[in-house]
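Data block below; observations after.
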Amino acid sequence: MRLTGLTDSEKRVRTDFLAGGRTSFETGDPAADTRSVGATWGPERTLRAAFIRGLIEEAGDRRAPLRVVGARIVGPLELEYLELGYSLSFANCWFQDEIDLHDTRLRRLNLRGTRLAGLNASLTRVEATVVMHMTRVEGRVRLDHAVIGGELLITDAHLLHPGDVALRAERIRVGGDLMLWGTTIQGRTVLRDAKVDGVMSMERARLHAPAEEALDAARIQVGSDFLADDLHAEGTVRLSGADIQGILRLANAKLSNPGATTLEAYQAKIGADLQCYRGFDSDGLVRITGAHIAGHARFDAATLRGNGTTALDARYTDIGGAARLRTTQTAGALRFTSAHIANDLDFREARLVSSVTELGLGPVFGGGATAGFPGAGTVSAPGFTSSPSSDPSAGSSPSPLPSAGTSAVASTPGNSGSPTAATTANTATPAPNSLSPDPASSSAPVSTSSPSPSSTSSAASAAAAPSSRSSAPTSPPPPPNLLFLGNLHAGELTLRFAAPPAGGIHLANAQVGVLNDDPACWPPHFTRDGFVYERIAEPGPVRSRIAWLARESAGYRPGPYEQLATVYRRQGLDGEARRVLLAKQRARRRTLSLAARPWGLIQDAAVGYGYRPERALGWLAALLITGVVVFGVHHPVPLGPDKAPPFNPLIYSLDLLLPVINFGQGRAYIATGGWQWIAYLLTAAGWILATTIAAGVARAVNRA
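This is the structure we're talking about:
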């Protein structure tokens, strides 16, 4: 194909290309070369897109790259289905229309510092690297099913397509690193089923898709680390089913999706640590349900504001190291139901409250809804500016949490502002045969719809009118649970909060190796029936432990007492174990009817239910002294004067007190008058004492 009718600038490009050189139209004047005035560049630096297509077709099998700097390209650049054995480089250029590289083969693609109206590179194969450093795209970037042998560098760029998909790269294959650090993206980013052999980096990125999926990277495969330090995201960051060979790090990341989900890593596989720490701030639910984390799950010094009901959902999570929430602030429930944690689950100095207002914090981004997002509204970046653009998604209600690996369901006006959506997100359908909702974690949705005037006035009248019937005062219901640890398996559980949580703790059927806690830090209400721990790191005074047992929300349960006694014995503290079992019997007695309690009181006073046998000797000595004194002064009358042995008040008193032993004195003498009641009292006391001793000893022997 022979090119005709070329402009001077096009002839220049053709000459340089055929010579293997580079064509630069830059003047050296920064004000004249900036992309913000690219639309005004004159014919001296303007190229027709059709010319570039013709030039490439004319070149045939050439291997030299096509390199253009500082040009204005008008018309759509249609390079689809081409087999290019060389690189394309358009640096600091201004494209009026979209570049179409669909199903094209080329060596390398460089769009550094260029302004684009869109890029379609789906099914494209690039042998080496794709560079889009400081590129500005006012439209959609499509990289679906693309194969890039080297790195994909979209760094410090601006991808602007608000209310729609700004970057779509489903099933992309990247042989090196995928870098999005420092990039601002208005609109959704879709990386579903992508495969990155190297590092995935979104450090300092700004994702802006309020109430939508800011990043949908479901089932992404990353051969190394996924780094997102200082990430700012409005909308959901979805990593459901992701397979990350290295660490997943979001240090100092700020995620905002009020009332819905910020980070969704349902059934993700992480080959090292999950690090949401050091300033990590989430205004919404963090969900890692069913995830497999080979290393540690770290939320140290993080702020989890929750979605109105739940701050962190880690049910069924398998963690090969420790789960650390040291100095973490949370508003809403933390759910570790049925989680498996090899090492420590650590809440040292954590602060757990029920609502975000109790945290007393400002907005996540320190300002309005778009603070920290230069892409929202007027965009300013080196070399260009743009006018504000409307965002159809702004103000839409958060969508319910979808199943793993699926896109969020679009919200409807009917659920705008309603916590029902958040509740739905918190109870998303689990995977078959693996995940099921935590029955202890379900919460009924609360209506926040505005009342009608009639209902408001009726309610006010009802509140103002005196009650026609007097009702007994009732105590307020206990606060809802904030920490769900039912069926948890952990090597160690550290519960040393900065202050007692503002809600209860659910520990039913949890199993931990070591309980490292401070009894004073426990909330007033908790459930621990079936809670098993092998050792207590710091047993502390047994009195405080007994008071800790007495605060069981469900009332008296024998299991927690027996568990604590077993642990004390295992740690060689037999005396403390007996005191716990005695406290158990006393707590049980309080559950009996009034008619059944006296016998328990007698056993407690006599021998401490068998756990205080020394009391029996004291009672025996006191009763014996009473008998000796009384009958030493007022001798009983002999029944047979000729056959009665000499009277001995000590032996006589022993005969009355010991029901199974007969020294002969009790049958030879009988007290008379009012003193016979003393004899009856000693006999009854002896039987009671013997019975309680026998019952207590039997109980203690059985327990041993």
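Taking the UniProt record's numbering, I'd label the letters of the sequence shown as residues 1 to 704. All C-beta atoms, glycine included, are put in the ideal place defined by N, C-alpha and C.
Self-check item: Backbone CA spacing between Arg335 and Arg136 [nearest angstrom]
Solution: The residue you call residue 335 lines up with position 335 of the sequence shown. The residue you call residue 136 lines up with position 136 of the sequence shown. Answer to the nearest angstrom: the Cα atoms are 42 Å apart.
Quiz item: With a Cβ-Cβ cutoff of 8 Å, do Ala50 and Val69 count as a contact?
Solution: Looking up residue 50 in the sequence shown gives position 50. Looking up residue 69 in the sequence shown gives position 69. Contact: no.
Quiz item: Excluding the five sequence neighbours on either side, which residues of its own chain have a C-beta within less than 8 Å of the C-beta of Arg219, listed in chain order?
Solution: Along the sequence shown, read from residue 1 onward, the residue named residue 219 stands at position 219. The residues are Arg192, Asp193, Ser240, Gly241, Ala242, Asp243 and Gly405.
Practice problem: Buried or exposed for Ser454, please, with buried defined as at least 16 other CB atoms from any protein chain shown within 10 angstroms of its CB. | Solution: Translated into positions along the sequence shown, residue 454 becomes position 454. At Ser454 the pLDDT is 41, less than 50, meaning the model places this residue with poor confidence; the figure from the coordinates comes in the next sentence. Exposed is the call here.
Quiz item: Taking Cβ positions, are Pro523 and Pro558 nearer each other than 8 Å?
Solution: Mapped onto the sequence shown, residue 523 falls at position 523. Mapped onto the sequence shown, residue 558 falls at position 558. Between Pro523 and Pro558, the C-beta gap is not smaller than 8 Å, which leaves the two residues out of contact.
Quiz prompt | Own chain, CB closer than 7 Å to Glu80, minus 5 neighbours either side, in chain order | solution = The sequence position of residue 80 within the sequence shown is 80, counting from 1. These residues qualify, in order along the chain: Asp100, Leu101, His102, Asp103 and Thr104.
Exercise. Would you mind stating whether Gly246 and Ala342 have Cβ atoms separated by less than 8 Å?
Key: In the sequence shown, the residue the question calls residue 246 occupies position 246. In the sequence shown, the residue the question calls residue 342 occupies position 342. Cβ distance not < 8 Å, so Gly246 and Ala342 don't count as in contact.
Practice problem: Classify Gly600 as helix, strand or coil using the three-state DSSP reduction. | Solution: Counted from its first residue, the sequence shown places residue 600 at position 600. DSSP places Gly600 in helix when its eight states are reduced to three.
Quiz item: What is the DSSP secondary structure of Ala425, counted as helix, strand or coil?
Solution: Position 425 of the sequence shown, counted from the first residue, corresponds to residue 425. Here Ala425 scores only 39 on pLDDT, less than 50, and its place in the model is too uncertain to base an answer on.
Quiz item: When burial is assigned at 16 or more other CB atoms within 10 Å of the CB, is Glu138 buried or exposed?
Solution: As a first step, residue 138 is located in the sequence shown; it is residue number 138 there, counting from the start. Classification for Glu138: buried.
Quiz item: Taking DSSP as the reference, what is the three-state secondary structure of Val567?
Solution: The residue you call residue 567 lines up with position 567 of the sequence shown. Correct three-state label for Val567: helix.
Quiz item: For Asn122 versus Asp97, is the C-beta distance shorter than 8 Å?
Solution: As a first step, residue 122 must be located in the sequence shown, where it is residue number 122. As a first step, residue 97 must be located in the sequence shown, where it is residue number 97. Looking at the sequence shown, residue 122 is not Asn but Ser. Cβ distance not < 8 Å, so Ser122 and Asp97 don't count as in contact.
Exercise. For the alpha helix (DSSP H) holding Glu10, just list the boundary residues, first then last.
Key: Working through the sequence shown from its first residue, we reach residue 10 at position 10. Asp8 to Leu18 is the span of the alpha helix (DSSP H), which, as asked, contains Glu10.
Quiz prompt | Three-state class that DSSP yields for Ala410 in the structure shown | solution = Here residue 410 refers to the residue found at position 410 of the sequence shown. Since pLDDT at Ala410 reaches only 36, below the 50 mark, its modelled position is unreliable, and no value is offered.
Quiz item: Can you name, in chain order, every residue of its own chain whose Cβ lies under 7 Å from the Cβ of Ala684, other than the five neighbours on each side?
Solution: If you number the sequence shown from 1, residue 684 lands on position 684. So no residue of the chain qualifies.
Quiz item: In three-state DSSP terms, what is Glu26?
Solution: Numbered from 1 along the sequence shown, position 26 holds the residue referred to as residue 26. In the structure shown, Glu26 sits in coil (DSSP, three-state: anything other than H, G, I, E or B).
Practice problem: Leaving out five residues on either side along the sequence, give the residues of the same chain with a beta carbon under 8 Å from the beta carbon of Glu349. | Solution: Locating residue 349 in the sequence shown gives position 349, counting from the first residue. Only Arg326, Thr327, Arg496, Phe497 and Ala498 meet the Cβ criterion.
Quiz prompt | As assigned by DSSP and simplified to three states, the class of Leu689 | solution = Counting from one through the sequence shown, the residue named residue 689 turns up at place 689. If DSSP states are grouped into helix, strand and coil, Leu689 belongs with the helices.
Self-check item: Distance between Arg140 and Leu493 (C-alpha atoms, nearest Å)
Solution: Within the sequence shown, residue 493 is the residue found at index 493, counting from 1. Within the sequence shown, residue 140 is the residue found at index 140, counting from 1. Between Leu493 and Arg140, the C-alpha separation is close to 48 Å.
Quiz item: Do the CB positions of residue 736 and Gly321 come within less than 8 Å of each other?
Solution: With the chain covering 1 to 704 only, the question about residue 736 has no answer from this structure.
Quiz item: Taking all protein chains shown into account, do 16 or more other C-beta atoms lie within 10 angstroms of the C-beta of Ala668, making it buried, or fewer, making it exposed?
Solution: In the sequence shown, counting from the first residue as 1, residue 668 sits at position 668. By the 10 Å Cβ count, Ala668 comes out buried.
Practice problem: Could you check how far apart the C-beta atoms of Ala217 and Thr183 are, in whole angstroms? I think they sit under 8 Å. | Solution: Within the sequence shown, numbered from 1, the residue matching residue 217 stands at position 217. Within the sequence shown, numbered from 1, the residue matching residue 183 stands at position 183. Wrong, their Cβ atoms sit about 15 Å apart, outside the cutoff.
Quiz item: Which partner residues does Asp100 have in the DSSP bridge list?
Solution: As a first step, residue 100 must be located in the sequence shown, where it is residue number 100. According to DSSP, Asp100 bridges with Glu78 and Asn120.
Quiz prompt | Segments assigned beta strand (DSSP E), at least 3 residues, entirely inside the stretch 135-207 | solution = 158-168 and 184-190
Exercise. Determine the burial state of Pro43: buried for a count of at least 16 other Cβ atoms within 10 Å of its Cβ, exposed for fewer.
Key: For the purposes of this step, residue 43 is identified with residue 43 of the sequence shown, where counting begins at 1. It counts as exposed.
Quiz item: Do you know how far the Cα of Glu264 is from the Cα of Arg528?
Solution: For the purposes of this step, residue 528 is taken as the residue at position 528 of the sequence shown. For the purposes of this step, residue 264 is taken as the residue at position 264 of the sequence shown. Going from the Cα of Arg528 to the Cα of Glu264 covers about 29 Å.
Self-check item: beta strand (DSSP E) runs wholly inside the stretch 210-261, at least 3 long, in chain order
Solution: 232-238
Quiz item: Quick one: what does DSSP say Ile288 is sitting in, helix, strand or coil?
Solution: The residue labelled residue 288 in the question sits at position 288 within the sequence shown. Of the three classes helix, strand and coil, the one that applies to Ile288 here is coil, per DSSP.
Quiz prompt | Ile505, DSSP secondary structure in three states | solution = Numbered from its first residue, the sequence shown carries residue 505 at position 505. Ile505 falls in the strand class under three-state DSSP.
Quiz item: In three-state DSSP terms, what is Ala444?
Solution: By one-based count along the sequence shown, residue 444 stands at place 444. Note on Ala444: pLDDT 36, under 50, position unreliable in the model; the coordinate value appears next. Three-state DSSP puts Ala444 in coil, outside helix and strand.
Practice problem: Count the other CB atoms, across all protein chains shown, that sit within 10 Å of the CB of Ile670; report buried if there are 16 or more and exposed otherwise. | Solution: Here residue 670 corresponds to residue number 670 of the sequence shown, with the count starting at 1. Exposed, since its Cβ has fewer than 16 Cβ neighbours within 10 Å.
Quiz prompt | Integer-rounded CB distance, given that Leu88 should sit under 8 Å from Leu106 | solution = Taking the sequence shown and counting its residues from 1, one reaches residue 106 at position 106. Taking the sequence shown and counting its residues from 1, one reaches residue 88 at position 88. With a beta-carbon spacing of about 6 Å, Leu106 and Leu88 fall inside the 8 Å limit used to define contacts.
Practice problem: Excluding the 5 residues preceding and the 5 following Ala302 in the sequence, name in chain order all residues of the same chain whose CB lies nearer than 6 Å to its CB. | Solution: As a working note, residue 302 is residue 302 in the sequence shown. Excluding positions up to five away in sequence, the list reads Cys276, Tyr277, Phe280 and Thr328.
Quiz item: In terms of residue numbering, what span does the alpha helix (DSSP H) encompassing Gly54 cover?
Solution: Counted from its first residue, the sequence shown places residue 54 at position 54. Start and end: Ala49 to Ala59.
Quiz item: Between which two residues does the alpha helix (DSSP H) containing Asp655 stretch?
Solution: Translated into positions along the sequence shown, residue 655 becomes position 655. Pro649 to Leu657 is the extent of the alpha helix (DSSP H) around Asp655.
Exercise. Would you mind working out which of His208, Lys195 and Tyr556 sits nearest Ala169, comparing C-alpha positions?
Key: In the sequence shown, the residue the question calls residue 169 occupies position 169. The option with the nearest alpha carbon to Ala169 is Lys195.
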